[in-house]
Ligand SMILES: Cc1cc2nc3c(=O)[nH]c(=O)nc-3n(C[C@H](O)[C@H](O)[C@H](O)COP(=O)(O)OP(=O)(O)OC[C@H]3O[C@@H](n4cnc5c(N)ncnc54)[C@H](O)[C@@H]3O)c2cc1C
Ligand SMILES: Cc1cc2nc3c(=O)[nH]c(=O)nc-3n(C[C@H](O)[C@H](O)[C@H](O)COP(=O)(O)OP(=O)(O)OC[C@H]3O[C@@H](n4cnc5c(N)ncnc54)[C@H](O)[C@@H]3O)c2cc1C
């Protein structure tokens, strides 16, 4: 468009959360000048969702100590600033095109088109809302997503409810159960439609059990009542197909319903650009370099797959940043592999990321880090990674749950075996 | 003070009448029970500007619908409200249903609807490619359209306010009484006096007539709820025309339609409810809605639903709109039983109301100073890049996106708050600029919009409401009323 100001950058990172920050840092470390990198962040500050997570529990793997969310992201923000890497806050990316143009807008810059050598998608995810899960009833004040409530409590310092029911046992919901209780609210119960919690075991122990908050598994909210403010909700038990069982309805008086019913990777921009998405993860389909179906466009963090632990986000983002730098520096040969091997979720798994492994012709395949989630809870099992019938790796696991993302590293030595073999790589859960 | 005219009810019927009257040298007021206009049926309906083939020839419905449909494009332009002339299809699924189409086309021709045509299923699928293969034939009505109903109502109210009409919100009129040659609307100890009163109280209009002393009021209002599902933009089938099934004795039935904002709407069912306020949504209702929608457009799916809502029809026992001066109370004009096609009819119904008031003795002298157009709204997302940049240079608040799903800027939200009939709560902002109406349903923007409201209104963030008193973000303690319990 002729009437838009245009700028050029080697690497544009969309999103300034932990993923975007780490990707930008690593791109710089891999040889890109700091002023040739631009992080576009729509919030007033860098740091992403961690800015409102003031509880401790971040960075155990990465820094070897327990940090709060803002402390964790603060360390990366410092490093980004020290390195002189370019960033804009209050800037919303509105469009990404397949030829790597990003349009964004901010009060300071106006409406700008930026041409990029490579793009890193790091937009994070958003929370699923009431409408998306279709809870019947009235539409009063007092139905919040857990993240919105978290923002009200932790950033704005207000308590948006006194008697609270939480639907969904995702981590944010669990953490908010504790936070709201400590702030003086009464959390009446947490309802979870599945027969298991999708949250981390440590959060169930520390956020519910320690405060005597009941967790009702196989339960859901079937009606919201109240005109201006929530006056109560009806909860029901559900059957194996997650359908409410008539006769099990129970009315609970409350003024607030918090929803922690899942996170959706924020891929509107990716979809509009034509990036191929995975129906299961909701994120782009990537290879081991975290490159999407569009050459030069990479993805990491929650926009790629919903993570439980920020440490893995950081690691994934380093890898994406490095790949983006390599792409810009002309090591594109890496990505034009002659052959692509799909990675398939086998028995007991919902998905595997990356979804494909590229076999470069003149370079080693290199180390590949696989992430996956199970379909249900399994105890005393083996996770078996195989290709064309040959077992590449076996991990013994005491317990595998859908709430905790699992991962496994295939060393460069192992992945070289893929070159000779045919077909696909698969990961299965096998009972001992 | 005595107003010349007081309108009771700020739905499309009341606001459009206020808009017309505001063009004359008159002191006009409007009393509304809720905290905003467009809070009744006007905010939850199918949004269709019907062509006018449904109504029985000779009825007021037929007359006002056809004239309203003809005027709507120009009116929408004057009021800067989104309108689209997309046409509508009534689908028959078998030879047995052909007589229904035949009857509709005959009615339509008698009512003076232009361009009606019965087309084959194949031709219907050319007009609307998402249509089911089972559609056998259809009635094509090229003059039908869609409009944003609450925005039309808000815009009409805004222009009326700009021309000096006074709006009284949170003013539920209990009854109209006669006093010394004037009429007085009474609401919990508060009163508004006027020479003429227009009863446009929607589903409560007959009740108001009776409470005011017309025990033998000839119309009963039967509240009938209709539930809807709204689907995400860019997902599922891209429906471009309004698609109906053949009407039955229960009404026009479940339809599938685009909205002016690019979503797809499916609904409504029709069930009698006890209260005119019962706009709750049920899971059985939504199942019914999707089943009906799928029959017409197989691609619609509950997976793409971003929200659901319901509206209550003010169905008159007599079958037609009741537009008449009161037989008992001189100076009172009834606009009662305004069910569908009340929205499509509103441009013509409001002309008729003004004319009747004239006949009842209201002096109608045009006011040359009145402006009948709404100052245009800036819709950032629709501007060209160069316009965006000029705008941001002039006012940087237009460079700050607050609602990510609908691309709504801070500048637009500030404008919605500062205009006449400005927004004072989250839902008012939502109806005026769409912040919070997208796929994330305000998950992202509502705390941000609340912050803007808190600053603009000068109130603590916790006191910002979703929909007026009693819907504060921080729930009010019933005993200490607002004090945070420690
Ligand atoms: C509430 C919560 C609690 C958690 N608790 C823990 C915990 O206890 N321990 C732990 O280790 N991990 C925890 N996690 C997980 C971990 O923190 C997240 O996975 C991590 O923050 C994801 O980083 P990200 O950069 O991918 O996404 P985000 O942090 O969401 O960052 C994405 C950024 O992109 C920006 N953005 C998006 N779209 C655009 C656009 N179009 N234009 C410009 N900018 C855009 C957003 O504003 C945001 O700043 C938690 C996560 C959440 C949500
Ligand atoms: C499900 C459904 C689908 C429809 N689809 C269409 C369609 O596609 N096309 C079409 O043309 N029409 C349609 N209609 C009809 C259309 O919506 C209505 O005819 C129109 O909105 C009626 O407007 P109104 O102003 O008369 O009533 P309302 O919008 O209900 O307004 C009445 C107002 O009066 C206020 N009020 C009530 N009592 C009092 C009181 N005592 N004191 C003060 N204020 C009071 C209420 O709060 C309300 O704001 C549909 C209606 C429904 C319910």
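Protein chains in written order, with the numbering used here: chain A, 68 to 499; chain B, 403 to 888.
C-beta: ideal position from N, C-alpha, C; glycine also.
| Query | Result |
| --- | --- |
| Residues near residue 76 of chain A in its chain [Cβ-Cβ closer than 8 Å; skip 5 each side] | 103, 104, 105, 153, 181, 182, 183 and 184 |
| Neighbouring residues, chain A, relative to residue 803 of chain B (Cβ below 8 Å) | 109, 159, 161 and 172 |
| Test: residue 604 of chain B CB closer than 9 Å to a CB of chain A | no |
| Residue 833 of chain B classed as buried or exposed, judged by whether at least 16 other C-beta atoms fall within 10 angstroms | buried |
| Any chain B beta carbon closer than 9 Å to residue 93 of chain A | no |
| Bridge-paired residues (DSSP) for residue 362 of chain A | Its beta-bridge partners do not exist; DSSP assigns none. |
| Closer than 9 Å at the beta carbon, the chain B residues around residue 225 of chain A | 862, 863, 864, 875, 876 and 886 |
| Any C-beta of chain B under 9 Å from that of residue 208 of chain A | yes |
| Contact set for residue 570 of chain B: own chain, Cβ-Cβ below 6 Å, skip 5 residues either direction | 433 |
| Cβ-based neighbour list, residue 687 of chain B, same chain, cut-off 7 Å, excluding 5 preceding and 5 following | 629 and 671 |
| Per-residue DSSP class, three states only, for residue 573 of chain B | coil |
| Bridge partner(s) assigned by DSSP for residue 436 of chain A | A:476 |
| Simplified DSSP state of residue 922 of chain B, which is helix, strand or coil | Residue 922 of chain B cannot be examined here, being either before or after the span of chain B that is shown, 403 to 888. |
| Segments of 4+ residues assigned as alpha helix (DSSP H) that fall wholly inside the segment 327 to 362 of chain A | 335 to 340 |
| Residues near residue 513 of chain A in its chain [Cβ-Cβ closer than 7 Å; skip 5 each side] | Nothing can be reported for residue 513 of chain A: it is not among the residues displayed for chain A, which extend from 68 to 499. |
| For residue 75 of chain A, the first and last residue of its enclosing beta strand (DSSP E) | 73 to 81 |
| Beta-carbon contacts of residue 137 of chain A that lie in its chain and below 7 Å, excluding the five residues immediately before and after | 114, 117, 118 and 121 |
| Residues of the segment 785 to 799 of chain B with Cβ closer than 8 Å to any Cβ of chain A, in chain order | 786, 787, 788, 790, 791, 794, 795, 798 and 799 |
| 9 Å Cβ cut-off: residues of chain A touching residue 708 of chain B | 196, 198 and 199 |
| From A:211, A:424 and A:270, residue whose alpha carbon lies closest to that of residue 483 of chain A | A:424 |
| Residue 472 of chain A CB to nearest heavy atom of ligand 1 below 8 Å | no |
| Exposure of residue 562 of chain B, with buried meaning 16 or more beta-carbon neighbours within 10 Å | buried |
| Proximity test, Cβ basis, 9 Å: residue 869 of chain B and chain A | yes |
| Closest Cα partner of residue 368 of chain A within the set A:487, A:231, A:87 and A:71 | A:87 |
| Other residues of its chain near residue 576 of chain B: CB distance less than 8 Å, five sequence neighbours each side excluded | 588, 589, 590 and 613 |
| Proximity of residue 431 of chain B and residue 596 of chain B at Cβ, strictly below 9 Å | yes |
| Span separating the alpha-carbon of residue 487 of chain B from that of residue 773 of chain B | 26 Å |
| Residue 217 of chain A Cβ short of 8 Å to ligand 1 heavy atom set | yes |
| Distance cut-off 8 Å: residue 370 of chain A Cβ against heavy atoms of ligand 1 | yes |
| Closer than 8 Å: residue 487 of chain B CB and nearest ligand 2 heavy atom | no |
| Start and end residues, beta strand (DSSP E) containing residue 688 of chain B | Premise fails: residue 688 of chain B lies in the alpha helix (DSSP H), 685 to 698, not in any beta strand (DSSP E). |
| Length of the line joining the Cα atoms of residue 110 of chain A and residue 162 of chain A | 17 Å |
| Simplified DSSP state of residue 786 of chain B, which is helix, strand or coil | coil |
| CB of residue 255 of chain A within 9 Å of CB of residue 271 of chain A, strictly | no |
| Chain-ordered neighbours of residue 235 of chain A on chain B, where CB pairs are closer than 7 Å | Neighbours of residue 235 of chain A on chain B: none; closest Cβ ~14 Å, over 7 Å. |
| Inter-residue Cα distance where the pair is residue 886 of chain B and residue 224 of chain A | Here residue 886 of chain B scores only 37 on pLDDT, less than 50, and its place in the model should not be relied on; the value that follows carries that caveat. Approximately 12 Å, taken between the alpha carbons. |
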